Amino acid sequence: DLSETDEVEGYRYLTRLLRLALEMNIEHSNASHPSFYSLSHETAKIGADNPDNIYLNSNIDGSFSYEVYGNIGEVDYLSFGLKENRYSIDGTMVSMGEIDLSLMAVKEDGSFRLSLGPEPTSQNYLHLPPEANMLIVRQTYSRRMHQKHSVVHIKNLGKSEPTSLLTAEDLTRHLINSLAFVRGTAGTFLAWVKEFKENHKNALPLGDQSFFQAAGGDPKIYYLHGYYDFKDSEYLEITTAIPECEFWNFQLENYWMESLDYRHNPIHLNSKTAKLDTDINSVKIVVSHQKLNIQNNIITEGRSNGAMLLRWVDARDCPIPDIQIKSITELEVQDA
392 DLSETDEVEG YRYLTRLLRL ALEMNIEHSN ASHPSFYSLS HETAKIGADN
442 PDNIYLNSNI DGSFSYEVYG NIGEVDYLSF GLKENRYSID GTMVSMGEID
492 LSLMAVKEDG SFRLSLGPEP TSQNYLHLPP EANMLIVRQT YSRRMHQKHS
542 VVHIKNLGKS EPTSLLTAED LTRHLINSLA FVRGTAGTFL AWVKEFKENH
592 KNALPLGDQS FFQAAGGDPK IYYLHGYYDF KDSEYLEITT AIPECEFWNF
642 QLENYWMESL DYRHNPIHLN SKTAKLDTDI NSVKIVVSHQ KLNIQNNIIT
692 EGRSNGAMLL RWVDARDCPI PDIQIKSITE LEVQDA
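Going by this note's numbering, the sequence shown opens with residue 392, and the numbers climb by one from there.
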């Protein structure tokens, strides 16, 4: 049974998915004239979106060639992934090729060029297979509000088809595809959260990484998904070793796997914002429903249940956290 919060947020989630789907299928549908949009941001979210990320998506055609160019800014991690977006068909988004900043040549001023196509046209290159229909750019920032963001553009290197007026047939197709995207996306992540609720409750196991990659995950990231459910008088204490890695973060989500409102509440921590036990290279995170007077405390905003996720980015190994449920009487509650 869903709580009232889960139910009303579910309806909101569907409106958000529809908003994203219309943006993707109507406003940015022309792969001959590619442009970037975002399938996850502050007010519309999909599948455990990362609060430390700025996501960019572009609809592409595997028979074309493209150039992606810009400046990396002060990004901590930057990756480019070619995908076959099948969310509207079977809820999957399989990787067709990936490259990240560690494998790219970047000029001293931060500028870069990346070619996508059958043959390389620049030093940085991703082979573009015929099935690929989406490019995903992940920009990760440890302190997103205080760092200079990357600037990324895309252009078609071939002869672009002339733009044409919207027809009734076009609009009908776009609307049908948008509704199918909503259905496929919601179905995929609802199945996930049911699995986490049954088998990952108050735990962060490794899980089947190929399963997560099939929905569009970055192959360089270990995804440790879980489901929290604890009383108002309790909190979760999550303790884990920190592997040698490029970046890590931990976040809280609602039942629909939307990250919580990171604009206004402390709902996630990362490798720069968390306070570590440097003697043993570990971190202890406290998850509570309301703010507590303790370091590394993040909150569920008052909801009793939802999903959660730990990411290890380009990690040498994959530590599994220890999670304990403790009584809130052991801590001092902050004044509201």
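Glycine included, each C-beta is placed from N, C-alpha and C at the ideal position.
These figures come from a predicted structure and were not determined experimentally.
Which residues DSSP lists as bridging residue i, in chain order
i: residue 506; result: 458, 516
i: residue 450; result: 525
i: residue 667; result: 674
i: residue 444; result: 531
i: residue 679; result: 690
i: residue 715; result: 628
i: residue 542; result: 462
i: residue 496; result: DSSP, once it has assigned bridges, lists no residue as partnering residue 496.
i: residue 650; result: 644
i: residue 537; result: Answer by DSSP bridge pairing: none, since residue 537 is not bridged.
For residue i, the first and last residue of its enclosing beta strand (DSSP E)
i: residue 404; result: It is not in any beta strand (DSSP E) - residue 404 instead sits in the alpha helix (DSSP H) that spans 395–413.
i: residue 628; result: 625–632
i: residue 469; result: 468–477
i: residue 697; result: 696–704
i: residue 730; result: Missing from the structure shown is residue 730; the chain here goes from 392 to 727 and no further.
i: residue 491; result: 483–491
i: residue 661; result: 659–661
Residue i CB to nearest heavy atom of the ligand MG below 7 Å
i: residue 451; result: Looking for the ligand MG in the displayed structure turns up nothing, as the structure carries no ligands at all.
Nearest to residue i (by Cα), restricted to the options the options
i: residue 715; options: 595, 406, 502, 439; result: 595
i: residue 621; options: 600, 466, 697; result: 697
i: residue 810; options: 520, 709, 530; result: In this structure the chain extends from 392 to 727, so residue 810 is not present and cannot be described.
i: residue 736; options: 667, 609, 684; result: The first residue shown for the chain is 392 and the last is 727, placing residue 736 beyond what the model contains.
i: residue 688; options: 661, 562, 439, 448; result: 661
i: residue 653; options: 553, 691, 560, 717; result: 691
i: residue 526; options: 419, 401, 665, 673; result: 419
i: residue 719; options: 413, 554, 624; result: 624
i: residue 751; options: 638, 650, 633; result: The chain is shown only over 392 to 727; residue 751 falls outside these bounds and no answer can be derived.
i: residue 392; options: 670, 708, 673, 646; result: 646
i: residue 606; options: 581, 619, 498, 589; result: 581
i: residue 549; options: 664, 506, 564; result: 506
i: residue 432; options: 651, 671, 694; result: 651
i: residue 451; options: 693, 508, 673; result: 508
Classification of residue i by the beta-carbon crowding that lies within 10 angstroms, buried from 16 upward
i: residue 659; result: buried
i: residue 584; result: buried
i: residue 474; result: buried
i: residue 437; result: buried
i: residue 503; result: buried
i: residue 655; result: exposed
i: residue 591; result: buried
i: residue 727; result: Its pLDDT being 42, under 50, residue 727 is placed unreliably in this model, and the value from its coordinates should be taken loosely. Its Cβ having fewer than 16 others within 10 Å, residue 727 is exposed.
i: residue 536; result: exposed
i: residue 569; result: buried
i: residue 644; result: buried
i: residue 684; result: exposed
i: residue 519; result: buried
i: residue 671; result: exposed
i: residue 398; result: exposed
i: residue 402; result: exposed
Limits of the alpha helix (DSSP H) - the one that residue i falls within
i: residue 742; result: With the chain running from 392 to 727 in the structure shown, residue 742 is simply not present.
i: residue 377; result: In the structure as shown, the chain starts at 392 and stops at 727, and residue 377 therefore has no counterpart that could be examined.
Interface flag, residue i vs chain C, CB-CB below 8 Å
i: residue 662; result: The structure shown contains no chain C, having only a single protein chain.
message: Closer than 8 Å is the cut-off here; do at least three beta carbon pairs connect the stretch 613–630 with the stretch 690–706?
response: yes
Three CB pairs or more closer than 8 Å across the stretch 668–682 and the stretch 628–636: yes
- prompt: Per the contact definition of three or more C-beta pairs closer than 8 Å, is the stretch 440–452 in contact with the stretch 479–491?
  reply: no
query: Does the stretch 400–407 come within contact of the stretch 559–566, defined as at least 3 CB pairs closer than 8 Å?
result: no
message: Counting beta carbon pairs with one atom in the stretch 450–464 and one in the stretch 707–714, are three or more of them shorter than 8 Å?
response: no
- prompt: Is the number of C-beta pairs between the stretch 635–642 and the stretch 411–426 that are closer than 8 Å three or more?
  reply: no
- request: Kindly confirm or deny that the stretch 515–523 and the stretch 485–499 touch, where touching means at least three C-beta pairs closer than 8 Å.
  value: yes
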